[in-house]
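So the sequence shown is residues 5 to 467, counted in our numbering.
Even for Gly, the Cβ is constructed at its ideal location relative to N, Cα and C.
Please read these numbers as outputs of a predicted model, since none were measured by experiment.
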Amino acid sequence: MLKRVLIANRGEIALRILRACRESGMETVAVYSAADAKALHVQLATQAVCIGPAQAAESYLNQNALLTVARATGCDGVHPGYGFLSENADFADACRAAGLTFIGPSGDVIRRAGDKAAARAMMRQAGVPVTPGSDGPVQRVEDALCAAARVGYPVLLKASAGGGGRGIRRCDDEAQLSRAYAQAKAEAMACFGNDELYLEKLVLRPRHIEVQILADRHGNVVHLGDRDCSIQRRNQKLIEEAPAWGLSDALRAQMGEAAVRAAKAVGYEGAGTVEFLLDAAGERFYFMEMNTRIQVEHGITEMVTGIDLVREQLRIASGLPLEMKQADIRVSGHAIECRVNAEDPHRDFAPTPGAVSFLHFPGGPGVRVDSGLYNGCELSPYYDSLAAKVMAHGGTRLAAIRRMRRCLEEFALEGFATNAELSYQILYHPAFIRGHCCTAFLEENLPQLLDFSRRAGDEEERA
Ligand code: ADP
Ligand code: ADP
Ligand code: MG
């Protein structure tokens, strides 16, 4: 087994990794920026080293600093978490070249799966259904127009290197596409350091359904069921649930099987996610992308399967074979996650970083809260706005919804505005309760949800 793991991340995911390492008997080395000197992951690690100033480019994204620390502190493994360098193929290669085990797939696999245009082509070859669109990247505006004419409008222009819901632009007709192309290219370069674009047909009113997979170095690949992440704003996930509601056994099996095929096609190793769109009829599904890392919403899969995904990542990276076979994996009950972000839904979701003056997390049966916050800490403006992930597990979907409502009633965070009240309103929305929301749900219902949430706030003040 690995003995000492460098955690190349921060926030709740750094804590999550640290916990799994400790339970596996591994020591941990945390890194932190000047803005994170008092962070919880720094306090809980075996050892912690400051690697630079607050700006991520000079700290959490500084590959040389990370490798220097890993060597100097005697680490044998590096866990990249999500975001930052987790899908950076060069970093995975650099770790290996430095004699360190990168906890994730090889640089080669990250390169092939992380290039979203190339991944589509590869999946099509492997017989996985792919969203209609361009074959590979569109190099010129003429190629984009040609691909769009073939699949039909509306289309999405997407950055091959995009992620986190950014780098996606809708075009409803030729004129819009012609106009948007150069700008999208320039934006992709500015955001992702890579201006390659590809094109997809817009799937109307789809659900976002993804499949969690695990693959070891010995050729074993299993899937751990699916998650529905359709409650999104601007292509960013807000509420997720496992399993996806109302899929027929046959469709669920097909999607799981397609995800395993996708993992095998790229020679995958570690934990990963294959994302699909399910069409409005709930009949056809299309490969969208593969995330070659642990995901934000992995916890709800852990709740329904009882499998510790980060522990599995550590075992796989240590060269051990998977302990479970597909037939051993059972999904039990239903789990929901709400991402509580430091953002104000009433001010167009502007970030609201600040000091936490009071904090109380819900507890009790079937509840899990993953967060790097504590009473008196600061949520930094330098990084993403995720404040806490609240997860609730119940025997049925309705029990999980009720439990999550109860969790958000108990949840108390003072010091800055969050989206928690908005999520609470969603949990009462008839369409959500019915369980068939598509990715347009939140944006379509936002005015009404915000109105309810505002009135709830006013009532609280009066009370
Ligand atoms: P998940 O797919 O696990 O739900 P998200 O898409 O929410 O993950 O992204 C997880 C984190 O990684 C977020 O902080 C997001 O901003 C960041 N992220 C993901 N992909 C990229 C990327 N290509 N460039 C920059 N940040 C990214
Ligand atoms: P990211 O790498 O940022 O996660 P994805 O390609 O996974 O980007 O897309 C993010 C979200 O954008 C999806 O969950 C979905 O809601 C929406 N989306 C992406 N592609 C399409 C498409 N072809 N049709 C409809 N919605 C899409
Ligand atoms: Mg995605």
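In the DSSP assignment, no residue is bridged to residue 93. One Cα belongs to residue 352, the other to residue 125, and the distance between them is close to 37 Å. With respect to the 8 Å criterion, residue 412 and residue 432 are not classified as neighbours on the basis of their beta carbons. Closest option to residue 286, judged by alpha-carbon separation, among 320, 208, 85, 326: 208. Counting only runs that start and end inside the region 253-313, the beta strand (DSSP E) elements of at least 3 residues fall at 274-282, 289-295. As for any beta strand (DSSP E) of minimum length 3 sitting wholly inside the region 113-175, the runs are 159-167, 170-175, ordered along the chain.
In the three-state reduction of the DSSP assignment, residue 200 falls in the coil class. For residue 22, the uninterrupted alpha helix (DSSP H) run begins and ends at 15-27, by DSSP. Taking 8 Å as the cut-off, the Cβ atoms of residue 320 and residue 274 count as close. Residue 175 has its alpha-carbon roughly 12 Å from the corresponding atom of residue 153.
DSSP places residue 36 in the strand class (E or B) of the three-state scheme. Collapsing the DSSP output to three states places residue 358 in a strand.
Sequence-distant Cβ neighbours of residue 74 in its own chain, meaning closer than 8 Å and more than five residues away, are 10, 33, 82, 99, 102, 104. Residue 301 is a Cβ neighbour of residue 341, given a cutoff of 8 Å. Annotation: the continuous alpha helix (DSSP H) that includes residue 460 extends over 445-466. Residue 373 is bridged by DSSP to 394. One thing to note: residue 358 has its Cβ no nearer than 8 Å to the Cβ of residue 43. Beta-carbon to beta-carbon, residue 293 and residue 120 are separated by about 5 Å, close enough to satisfy the 8 Å threshold. In the assembly as shown, residue 420 is a buried residue. Its beta-carbon has 16 or more other beta-carbons within 10 Å.
In the assembly as shown, residue 216 is a buried residue. Its beta-carbon has 16 or more other beta-carbons within 10 Å. Taken through DSSP and simplified to helix, strand or coil, residue 350 comes out as helix.
Residue 156 counts as exposed, since fewer than 16 other beta carbons sit within 10 angstroms of its beta carbon. Two segments are said to touch when three or more pairs of C-beta atoms, one from each, lie closer than 8 Å; by this definition the region 77-97 does not touch the region 227-240. A distance below 8 Å separates the beta carbons of residue 201 and residue 162. Going by DSSP, residue 10 is part of the beta strand (DSSP E) stretching over 8-11. Residue pairing by DSSP places residue 318 in no beta bridge whatsoever.
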